[in-house]
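Asker: Okay, here's the structure, questions in a sec.
2 protein chains.
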Amino acid sequence: MYVAIMGYGVVGSGVAELFDKNHESIVKKSTQSQLELKYILDLRDFPGDANEKLIIKDFNLILNDPDVGIVVETMGGLHPAYDYVLACLKAGKSVVTSNKELVASKGYELLKTATEKNVNFLFEASVGGGIPIIRPISQCLAANEINEIVGILNGTTNFILTMMIENSMSFQDALKLAQDNGYAEKDPTADIEGLDACRKICILASLCFGKHVYPESVFTQGISKINLEDVEYAESWGGVIKLIGRAVKLSDDKISAMVSPCIVQKHSQLAGVDDVFNAILVRGDAIGDVVFYGRGAGKMPTASAVVADVIDCAKHVETKKLFGWDDSEAGYVSDYLDDKTALYIRAKVENRALAIDAAQKVFGEIKLLNREKESAQELAFVTPVATERELLTRLETLHAIEPLSVIRISDY
Amino acid sequence: MYVAIMGYGVVGSGVAELFDKNHESIVKKSTQSQLELKYILDLRDFPGDANEKLIIKDFNLILNDPDVGIVVETMGGLHPAYDYVLACLKAGKSVVTSNKELVASKGYELLKTATEKNVNFLFEASVGGGIPIIRPISQCLAANEINEIVGILNGTTNFILTMMIENSMSFQDALKLAQDNGYAEKDPTADIEGLDACRKICILASLCFGKHVYPESVFTQGISKINLEDVEYAESWGGVIKLIGRAVKLSDDKISAMVSPCIVQKHSQLAGVDDVFNAILVRGDAIGDVVFYGRGAGKMPTASAVVADVIDCAKHVETKKLFGWDDSEAGYVSDYLDDKTALYIRAKVENRALAIDAAQKVFGEIKLLNREKESAQELAFVTPVATERELLTRLETLHAIEPLSVIRISDY
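The listed protein sequences derive, respectively, from chains A and B.
Throughout the first sequence, residue numbering follows the numbering used here, covering 1 to 412 in sequence.
Throughout the second sequence, residue numbering follows the numbering used here, covering 413 to 824 in sequence.
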């Protein structure tokens, strides 16, 4: 059996490298007599590359070659990745992808096509890099009804927050360091504004709850407005600020899902997840909480997940892995303002004593926070738990303070 | 298709309960038109039990019923579990077990029989209770060469150590509390002396490195000699004492494997694993470190792993899951004394200053530890790294101290 790779960037070249490095054991595990790389599709040239001879520029060579049974898509982006993947599936080829945007936007349709064509469409690498998560959820936790899934899903933002928390770096300096280290792109928007994490929570929620969750339906907030004052106040509360993706089953027809910075209690299993590491917590009715931890990105970890999927496709050539979800209706994801939460609020005040008094009148029992070098014009506190809508409505009536930062308090 | 359960104890009854509770989704995921429980084998009577009508006392009813395609073994112990499981596999039935003693002692033989008969022998529940670990290792990490696996594999001892560390309870009081809470058996030997953890690291090492690791070949030390002085010194060093099972690949023909208390650095992902929770760290060449965390025991978590395996057996009725390992030769597991480590040593001394001087002469640079209420006749320090054999040999020459406690320092 032959394999083609589409996209010879960081992940694609890692796939080729790993495929070569552990080739003997990969073929053995695939149960195929042979499993070879035949084509690498990329518009660029790679003079002197070990796989130079495999590089092609015409997608149709892959599409029309009946020897190619498995196609790896590591191009990223929605087009032409979507068009190529759809064509491959329709041509009866199994497809493995690391492309979270593709799965988050088109997962339902591509899985449906794969089922119709009795081929596999696998995407372990699209969430959590090399961390095994898609297969454990779909297989190992199959006896559970999963109620909730929550995680640190983006390594770049977690690195930035870790630098802010541990080294008191400003957001801008930490972002710069992430870029210098190759953890963040030149245009870091997709990471720091939470889009990447949003795609991942969409994929996880689709898998756990059985209906496609579209990224547009998920409220998404990034970390670019978090500053060191917030980090210090969170510390004084006994927590750390993390960018959290979360999805909760409300009923068969409704879930809540969102991405936002949260203050996480220090004793939580998610609080100790630092640097570029990711962790995903799955809550099932039988298993309780299970956490999966590891490198959420990077060339070889991601390649490792892709190659594991390739092995699985090779093993299941004639038996489609049952795996998929239904489409969802409008309104499947509830309005995040209806979620219950406590809020951390940092504000500018004229008169601290009067402001505290006013805040207590509006919110009831609030927990005041302190930090070193706090100014007299500064107030930070945590509200009681209520729907976010109610808390924000009340906040609007609180004229004695000028809110500078509002962060959800996680109950993990 | 029909399922039989052998052993209606804690786990077996959990399997029946979960099978009933999530039955519709379990059948759907199994891809069978039906999947029903037909027999429960147990010598006891269960008057009034919901499944009373399914209880049988004669194993042959299961063995000779061609409708029973999947047999769940939750009896525990080696006999008659082994005999029944072997007979079922030979009769062409797939078997799912939660019995770590069975897999650790007879895994190679039972997997070989399953392969010969083209049926499945699955045991996700035998390690880490409900934590997905067997399948992630065999499938998700299939593209990796795994070099090392290390974990907190026993919830009972982890609960006891947590109580000692967090509440300064004595070992005896913590053990009593574990028994009162149902976390420890009346005879707690298998847990506290490390036998249970040993069986689990044997199963994991067999799976990761491809050859059967027999429990007799693995040096195993429990926690019954750990006391609060050790806990305090570990704290002063910046660590916590955990019972660690560990296996490392040395070459294709040699591994190291052991179970023993270790002092784990506080920033390790294993240090924050408290109470009855388990965590397993897998180190692969592509993925780096991955950690799996969750409840390592308990009725429903374990049942959840068993039922997931049952679903997998039902899905793979005609396609044997490739899954197994070879037998191993004598000497496959190296002598633990050849492992390199640093040691924590707590000792009784006559004259502290002289003892420190002597210890430095024998070991070179040692790190002295302190605790509150330390007596003048007490000395605790950490040696440099060397083979344990060398360190112990040197310790014997050190007549100025009387060692009371020796604990390995983990490099995690």
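Heads up, the beta-carbon is just placed ideally off N, CA and C, and yes, glycines get one too.
By DSSP, does Tyr-332/A sit in helix, in strand, or in coil?
Answerer: Tyr-332/A: coil per DSSP, three-state reduction.
Asker: For Arg-707/B, return the contacting residues in chain A, with the cut-off set at a CB-CB distance below 9 Å.
Answerer: Near Arg-707/B (Cβ distances below 9 Å), the residues of chain A are Ile-287, Gly-288, Asp-289 and Val-290.
Asker: Measuring CB to CB, does Leu-37/A end up less than 7 Å from Val-10/A?
Answerer: Cβ atoms of Leu-37/A and Val-10/A: not closer than 7 Å.
Asker: From the DSSP secondary-structure annotation, give me the bridge partner or partners of Leu-262/A.
Answerer: Note on identity: in this sequence residue 262/A is Cys, with Leu being the wrong assignment. Partner(s): Lys-242/A and Arg-408/A.
Asker: Along chain B, in chain order, which residues have C-beta atoms closer than 9 Å to that of Leu-135/A?
Answerer: Residue identity differs from the one stated: residue 135/A is Arg in this sequence, not Leu. What Arg-135/A touches in chain B: Pro-544, Arg-547, Pro-548, Gln-551 and Cys-552.
Asker: To the nearest angstrom, how far is it from the Cα of Asp-461/B to the Cα of Gly-7/A?
Answerer: Each residue's alpha carbon lies about 59 Å from the other.
Asker: To which residues does DSSP link Val-382/A through a beta bridge?
Answerer: Paired residue(s): Tyr-344/A and Lys-367/A.
Asker: With burial defined as no fewer than 16 other Cβ atoms inside 10 Å of the residue's Cβ, what is the status of Lys-760/B: buried or exposed?
Answerer: Classification of Lys-760/B: exposed, given that the 10 Å Cβ count is below 16.
Asker: Closer than 7 Å, CB to CB, is Gly-651/B near chain A or not?
Answerer: Closer than 7 Å: no.
Asker: Could you please tell me which residues of the stretch 495-513 of chain B, in chain order, have their CB closer than 7 Å to any CB of chain A?
Answerer: Under the 7 Å Cβ criterion, the stretch 495-513 of chain B contributes no residue.
Asker: What residue from Val-702/B, Val-719/B, Ile-819/B and Gln-633/B has the CA that sits closest to Thr-753/B's CA?
Answerer: Comparing Cα positions, the closest option is Ile-819/B.
Asker: Among the residues of its own chain, which have a CB less than 7 Å from the CB of Asn-144/A, if the five just before and after it don't count?
Answerer: Cβ within range, chain order: Gly-284, Asp-285, Ala-286 and Ile-287.
Asker: Write down every uninterrupted run of the alpha helix (DSSP H) in the stretch 168-243 of chain A whose length is 4 residues or greater and which is fully enclosed by it, in chain order.
Answerer: Correct list: 171-180, 189-192, 195-209 and 228-237.
Asker: If you measure between the beta carbons of Asp-253/A and Val-96/A, is that distance less than 7 Å?
Answerer: No, these two residues do not count as a Cβ contact at 7 Å.
Asker: Which chain A residues sit within Cβ distance under 7 Å of Gly-594/B?
Answerer: Within chain A, no residue comes near Gly-594/B; the closest Cβ sits about 16 Å away, beyond 7 Å.
Asker: Taking C-beta to C-beta, are Gly-541/B and Gly-776/B nearer than 7 Å?
Answerer: Cβ atoms of Gly-541/B and Gly-776/B: not closer than 7 Å.
Asker: Flag this pair as yes or no: are the beta carbons of Gly-76/A and Asn-60/A separated by less than 7 Å?
Answerer: Contact: no.
Asker: State the DSSP-derived secondary structure class of Ser-517/B, mapped to helix, strand or coil.
Answerer: Of the three classes helix, strand and coil, the one that applies to Ser-517/B here is helix, per DSSP.
Asker: Kindly indicate if chain A contains any beta-carbon less than 7 Å away from that of Ile-561/B.
Answerer: For Ile-561/B, the answer is no, since every Cβ of chain A falls outside 7 Å of its Cβ.
Asker: In terms of residue numbering, what span does the alpha helix (DSSP H) encompassing Thr-805/B cover?
Answerer: 800-808 is the extent of the alpha helix (DSSP H) around Thr-805/B.
Asker: Does any residue of chain B have a CB that is nearer than 7 Å to the CB of Ala-143/A?
Answerer: Yes, contact with chain B.
Asker: Give every residue of the same chain whose Cβ lies closer than 7 Å to the Cβ of Lys-779/B, excluding the five residues on either side of it in the sequence, and list them in chain order.
Answerer: These residues qualify, in order along the chain: Phe-793 and Val-794.
Asker: For a test of your reading of the model: does the CB of Leu-455/B fall under 6 Å from any non-hydrogen atom of the ligand SAH? Yes or no.
Answerer: As presented, the structure is devoid of all ligands, the ligand SAH included, so that no description of it is given.
Asker: Please go through the same chain and pick out, in chain order, the residues whose beta-carbon is closer than 6 Å to the beta-carbon of Met-581/B, but skip the five residues on each side of it.
Answerer: The residues are Met-575.
Asker: Going by beta-carbon coordinates alone, are Ile-675/B and Tyr-756/B separated by less than 7 Å?
Answerer: Yes.
Asker: Can you tell me whether Asn-158/A is buried or exposed? The criterion is at least 16 other CB atoms within 10 Å of its CB, across all chains shown.
Answerer: So Asn-158/A counts as buried.
Asker: Do Glu-605/B and Gly-634/B have their beta-carbon atoms positioned less than 7 Å apart in this structure?
Answerer: Yes, the Cβ-Cβ distance between Gly-634/B and Glu-605/B is below 7 Å.
Asker: How should Lys-773/B be labelled, buried or exposed, when 16 other C-beta atoms within 10 angstroms of its C-beta is the threshold for buried?
Answerer: Exposed: under 16 other Cβ atoms inside 10 Å.
Asker: Compare the C-alpha of Asp-275/A against each of Leu-207/A, Val-248/A and Ala-178/A and name the closest.
Answerer: If we check each option's Cα against that of Asp-275/A, Ala-178/A comes out closest.
Asker: Looking at the secondary structure, which residues open and close the alpha helix (DSSP H) in which Tyr-82/A lies?
Answerer: Looking at the DSSP string, the run of the alpha helix (DSSP H) that includes Tyr-82/A is 81-90.
Asker: Hey, does Leu-122/A have any beta-carbon neighbour from chain B nearer than 7 Å?
Answerer: No - not a single Cβ of chain B is within 7 Å of the one on Leu-122/A.
Asker: Check Asn-559/B in the structure and name its three-state DSSP category.
Answerer: Asn-559/B falls in the strand class under three-state DSSP.
Asker: Looking at the C-beta of Leu-523/B, does it have a partner C-beta in chain A at a distance below 7 Å?
Answerer: Not one chain A Cβ lies under 7 Å of Leu-523/B.
Asker: Does the structure place the stretch 552-566 of chain B close enough to the stretch 604-624 of chain B that three or more beta carbon pairs sit under 8 Å?
Answerer: Result yes; three or more Cβ-Cβ pairs closer than 8 Å.
Asker: Between the Cα of Ser-138/A and those of Gln-789/B, Ser-822/B, Val-719/B and Pro-815/B, spot the shortest distance and give me the residue it belongs to.
Answerer: Comparing Cα positions, the closest option is Val-719/B.
Asker: On the DSSP letters alone, give me the boundaries of the beta strand (DSSP E) that Asp-289/A sits inside.
Answerer: First-last of the beta strand (DSSP E) with Asp-289/A: 288-295.
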